[in-house]
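Everything below concerns the one structure shown next.
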Amino acid sequence: MKIEINNLTFKCIIGILDFERIKKQRVILNVSFNYIFTKDIFIDYAEVSKLLKSTMKEQKFLLLEDAILYIENILLNKYQITNLQIKISKPDILKDCIVTLSNY
């Protein structure tokens, strides 16, 4: 099975510039992964979304790359998953574009 969580939006401290370290910025997270489904073993996507949102809001990251590594660590340690793909965007950081980084 494949789970995709798209457009999970929240605010956190992320960036290297002084103004980025003061006020939380809006971030959009897209995550997908595969897992082996059985009637007794399944992954609750609502739980994954809540976990990501709550833990990310508590953290401070210098780089988008740091955030991706943090998310990878959380998900790979908690769930039996494969093919983890993460895309994180900062839609409000630049005036005329959206900055996005992914691990794929």
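Numbering of the sequence shown is given in this note's numbering, commencing with residue 1083 and proceeding in unit increments. Glycine is no exception: its CB is placed at the ideal position from the N, C-alpha and C atoms. These numbers were taken from a predicted model, which means no experiment stands behind them.
- If you check the CB distance, Lys1106 and Cys1094 come in under 8 Å.
- Using a Cβ distance threshold of 8 Å, Ile1125 and Ala1149 do not count as a contacting pair.
- For Ser1131 against Ile1087, the beta-carbon gap comes to about 5 Å, under 8 Å, which counts as contact.
- Contact between the region 1157 to 1165 and the region 1109 to 1123 is present: 3 or more CB-CB pairs across the two stretches fall below 8 Å.
- The C-beta distance from Ile1175 to Leu1144 rounds to 14 Å, too long to fall under 8 Å, and the pair is not in contact.
- Looking only at Gln1167, Lys1142 and Ser1184, the smallest Cα-Cα distance to Ile1104 is reached by Lys1142.
- Between the alpha carbons of Ile1163 and Phe1101 lies a distance of about 36 Å.
- In the displayed model, Thr1120 falls within coil according to three-state DSSP, outside both helix and strand.
- If you draw a straight line from the Cα of Lys1135 to the Cα of Leu1183, it is about 18 Å long.
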